[in-house]
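Start counting the sequence shown at 111; every next residue gets the next number (the working numbering). The C-beta atom is built at its ideal place from N, Cα and C for all residues, glycine as well. Okay, so here's the structure we're looking at.
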Amino acid sequence: MMIEKRKVIFDIEAIKRRLPHRYPFLLVDRIIESTETTAVGLKNVTVNEPYFSGHFPGESIMPGTLIAESMAQTAAFIGGLPSDKNVNEPPRRVFLSGLQMQFKRPVVPGNTLHITVEVIKVMGAMARCRGNCRVDGEIVARGEFNLAQVPED
111 MMIEKRKVIF DIEAIKRRLP HRYPFLLVDR IIESTETTAV GLKNVTVNEP YFSGHFPGES
171 IMPGTLIAES MAQTAAFIGG LPSDKNVNEP PRRVFLSGLQ MQFKRPVVPG NTLHITVEVI
231 KVMGAMARCR GNCRVDGEIV ARGEFNLAQV PED
């Protein structure tokens with residue numbers, strides 16, 4: 111079995127500098143691509159995730175709301191480079207609402223979510239995004255969601 115090595119643009123430490131989320135709600139492990147309109151992230155789903163103890167006992171399935179949140183967290187990296195480079199840092203955005211979300215198959219421990227998001231429309235301080243999550247190349251979730259820009263401190 112050959113393991114594919116991917117370029118990491120934001121590692122977990124850079125992600126923590128960019129996002130306010132922390133364990134257990136930091137739901138993206140690496141950002142491997144970031145352009146002006148798209149971002150691609152990875153989330154390694156492990157049996158140690160706290161939500162698996164109750165969702166569902168005897169059959170561990172990642173909740174759909176957390177899959178949607180992983181897309182929103184990945185979208186925070188659209189349009190910029192790591193903040194420690196102080197170049198083109200994207201505005202800070204947070205998940206506002208999910209639209210037309212579809213969950214195609216369960217995500218279970220051992221899966222790696224390959225999260226792809228794109229901005230499809232900017233409306234002032236709000237952005238409409240489209241995203242999907244894949245496991246082993248197969249779409250497990252997709253949908254559109256809105257992000258709101260957080261005002262600068």
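Checklist entry - So who's on the other strand from residue 252, going by DSSP bridges? => result Here residue 252 is taken as the residue at index 142 of the sequence shown, counted from 1. In DSSP, residue 252 forms a bridge with 212 and 242.
Checklist entry - What does residue 154 pair with, by DSSP beta-bridge criteria? => result Indexing the sequence shown from 1 puts residue 154 at position 44. Answer by DSSP bridge pairing, in chain order: 222.
Next on the checklist: For a cutoff of 8 Å on Cβ pairs, would you count residue 258 as touching chain B?
Outcome noted: Reference to chain B is not applicable here, since this structure consists of a single protein chain.
Checklist entry - Is residue 137 helix, strand or coil by DSSP? => result Sequence index remark: in the sequence shown, residue 137 carries index 27 (1-based). Correct three-state label for residue 137: coil.
Next on the checklist: I need the straight-line Cα distance from residue 256 to residue 184, nearest angstrom please.
Outcome noted: If you number the sequence shown from 1, residue 256 lands on position 146. If you number the sequence shown from 1, residue 184 lands on position 74. Residue 256 and residue 184: Cα-Cα distance of roughly 13 Å.
Checklist entry - For residue 231, does the three-state DSSP call read helix, strand or coil? => result Along the sequence shown, read from residue 1 onward, the residue named residue 231 stands at position 121. Note: residue 231 maps to strand in three-state DSSP.
Next on the checklist: Based on DSSP bridge pairs, tell me the residues matched to residue 149.
Outcome noted: As a first step, residue 149 must be located in the sequence shown, where it is residue number 39. Its beta-bridge partners are 144 and 227.
Checklist entry - Between the C-alpha atoms of residue 122 and residue 146, what's the straight-line distance to the nearest angstrom? => result Residue numbering aside, residue 122 sits at position 12 when the sequence shown is read from its first letter. Residue numbering aside, residue 146 sits at position 36 when the sequence shown is read from its first letter. Using only the alpha carbons, I get a separation of about 21 Å.
Item to check | Distance, residue 249 Cα to residue 224 Cα | outcome: On the sequence shown, position 114 is the one that residue 224 refers to. On the sequence shown, position 139 is the one that residue 249 refers to. The alpha-carbon atoms of residue 224 and residue 249 are separated by roughly 9 Å.
Checklist entry - Cα-Cα, which of 133, 212 and 153 is closest to residue 120? => result Position 10 of the sequence shown, counted from the first residue, corresponds to residue 120. Ranking the options by Cα distance to residue 120, first place goes to 153.
Item to check | residue 207 - DSSP class collapsed to helix/strand/coil | outcome: Taking the sequence shown and counting its residues from 1, one reaches residue 207 at position 97. Note: residue 207 maps to strand in three-state DSSP.
Item to check | Through-space distance from residue 238 to residue 221, alpha-carbon basis | outcome: For the purposes of this step, residue 221 is taken as residue 111 along the sequence shown, with counting starting at 1. For the purposes of this step, residue 238 is taken as residue 128 along the sequence shown, with counting starting at 1. Going from the Cα of residue 221 to the Cα of residue 238 covers about 27 Å.
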